[in-house]
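Going by my numbering, the sequence shown runs without a break in its numbering and finishes at 579. Remarks on the structure that follows.
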Amino acid sequence: MIGKSILLILVVAGIVGSVLYFVFAFDPGEDTEEDKGDSTTPLAEEAIPQTQPESAEYSVLFDALWDIDVHTTIPNGAHFSPFVAWTHTQDNVVFEVGGVASEGMKLMAETGGTDLLKQELDALKAQGSVGEYVIGELIYSPAQLERELRITQDHRYVSVVSMIAPSPDWFVAVQGINAFQDRQWTDYSDIPLNVYDAGTDSGEEFNAENQATDPRGTIHLLVDDGINVEESGGPIARFSLIQKKE
């Protein structure tokens, strides 16, 4: 015996007649009520080491589903403008349902142009609320388009917008997908995109003449049997966010 320690010797018959000795010395100390019973304690969740990388590369898939054979109302030449997908902090989504569209969102929703929206994203990126963004290309429906996007834990939320064309100021979007949850990177498949009215043009038909809304209205969900969604054959676009494996 060494002090109060207990010397535990395990003798194990080894291979080809060898004997291996494993010696463990420990001091049990004085027994207390808390010490009695099962001595195995699960490792606290806070002590679990973080094994996920700080960033991950994702495939951004825009699936244009607008199809005359499926949906009840569709204009000639139906297409989507180049989609814009960006990463951001939780409190930044660039646009907000019930809020007034920025100039960049107005231009995107009315013409499909992305230059002003890109400038707004660059400004927010400089402030730290936006991380990376990617811009697609014009896509006639039905079809698919894929791009790559790097997501970090600091900018783990993803939002996407694209104009539906022709239309007055209507666009599809999804907001604030959380790509990093429960300490791991997460995939998302086939998210239906809702259709929104930007509140900047008062036209009520796909090919309506420009009718600027004055004063400018707010961004709101567009409710129309020919467009949005279940009554007319399902969503006109879907979005997937899939982690790229090395």
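Beta carbons: idealized from backbone N, C-alpha and C, even for Gly.
Open item on the list: Alpha carbons only, please: which of S462, L482 and F539 is nearest the one belonging to A411?
Closed with: The shortest CA-to-CA distance from A411 to any of S462, L482 and F539 is the one to F539.
Task: Nearest residue (CA-CA) to V493, options V507, D520 and R480 - done: Shortest Cα-Cα distance from V493 to any of V507, D520 and R480 involves V507.
Task: CB contact flag (A498, F416, <8 Å) - done: no
TODO: Determine, using beta carbons only, whether D534 and D502 come nearer to each other than 8 Å.
DONE: yes
Task: DSSP bridge partner residues for W419 (one or two, in chain order) - done: Y466 and S492
Task: Where the alpha helix (DSSP H) through D455 begins and ends - done: D448 to Q460
Open item on the list: Which of the three DSSP states is assigned to E443 in this structure?
Closed with: helix
Task: G567 - DSSP class collapsed to helix/strand/coil - done: coil
- [ ] Go ahead and label R571 buried or exposed: buried means 16 or more other beta carbons lie within 10 angstroms of its beta carbon, across all protein chains shown.
- [x] Label assigned to R571: buried.
Task: Closest by C-alpha distance to L584, when choosing among P386, T384, G566 and D396 - done: Look at the range of the chain in this structure, 334 to 579, and you will see that residue 584 is not part of it.
TODO: Kindly list the residues whose CB is nearer than 6 Å to the CB of L449, restricted to its own chain and excluding five residues on each side of it in sequence; keep chain order.
DONE: E436, G437 and L440
Task: G437 - DSSP class collapsed to helix/strand/coil - done: The three-state reading of DSSP puts G437 in helix, counting H, G and I together.
Task: beta strand (DSSP E) segment containing P525, residue limits - done: Y521 to P525
Open item on the list: Let me confirm a value: L555 is counted as buried when at least 16 other C-beta atoms fall within 10 Å, else exposed. Which label applies?
Closed with: buried
Open item on the list: Quick check on the burial criterion: 16 or more other C-beta atoms within 10 angstroms. Buried or exposed for R489?
Closed with: buried
Task: CA nearest to the CA of G431, picked from P568, R549, G566 and Q576 - done: R549
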